[in-house]
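Be aware that the sequence shown starts at 364, since it is given in the numbering used here, and climbs by one per residue.
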Amino acid sequence: MERHHKRREDRNASLNMVSLMDIFTILVFFLLVSAANTEVLPTPKRLVLPESTAQKAPKENLVIMVNRESVLLQGRPVAQVRDVRRDRNTVIRNLLVELKREVDRKKRKTRGKFDPKKQGVTIMADKQIPYALLKKIMLTCASADLTNISLAVTQKAREGNAG
């Protein structure tokens, strides 16, 4: 055993850097791929849509965005959240006027063939807004005969397989 220990003492300690670099390279690629797989909704100002070769044109939905300060229709501010919350009416007057204006514009564009009940409305709301505000927005859409309402959400990954 003594001979074995003496033999080990004579060698200089060395580190094989090639293997270490391989491990770090694999780790960097893993982190890049993992970071690229997360889905984040882009802000509308930085949104660049890809080109498509689809023959059928997509439906044009009206988009209502709601953050903590304001309510926006198609990117234009129509009401302040604090004012809407103070108002005891079940509909938001400014939003209703703007929605009706959009419906009238589409009716003129299609020469009266436009059906507001088939027009889609997408509500993109901050998850912190109160339900009462969301309810007022949906009632306002219904008052303008826009009843095809969707809520924009981020899809969660499923945990395990059911079955």
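The beta carbon of each residue, even a glycine, is placed where N, CA and C say it ideally should be. Quick caveat, the model's predicted, so the values are computed rather than measured.
In three-state terms, what does DSSP make of R439?
In the structure shown, R439 sits in a strand (DSSP, three-state: E or B).
Tell me S513's beta-bridge partners as DSSP assigns them.
Beta-bridge pairing links S513 to T485.
At which residues does the alpha helix (DSSP H) containing I500 begin and terminate?
Y494 to S506 is the extent of the alpha helix (DSSP H) around I500.
At the level of alpha carbons, what is the spacing between Y494 and G483?
Approximately 21 Å between the Cα atoms of the pair.
Flag this pair as touching only if the stretch 445-461 and the stretch 389-397 have three or more C-beta atom pairs under 8 Å; answer yes or no.
Segments in contact, no.
What is the DSSP secondary structure of I427, reduced to helix, strand or coil?
In the three-state scheme derived from DSSP, where H, G and I count as helix and E and B as strand, I427 is classed as strand.
Whole-number beta carbon distance between L459 and V434, since they are thought to touch under 8 Å
Actually they are not in contact, since the Cβ atoms of V434 and L459 sit about 11 Å apart, beyond 8 Å.
If you draw a straight line from the alpha carbon of R464 to that of I492, how long is it in whole angstroms?
Straight-line measurement puts the Cα of I492 at about 26 Å from the Cα of R464.
Mapping the DSSP letters down to three states, classify V454 as helix, strand or coil.
Looking at V454 - three-state DSSP - the assignment turns out to be coil, as it is neither helix nor strand.
Just curious, the alpha helix (DSSP H) that R448 is in, first and last residue?
DSSP places R448 inside the alpha helix (DSSP H), whose first and last residues are V444 to R449.
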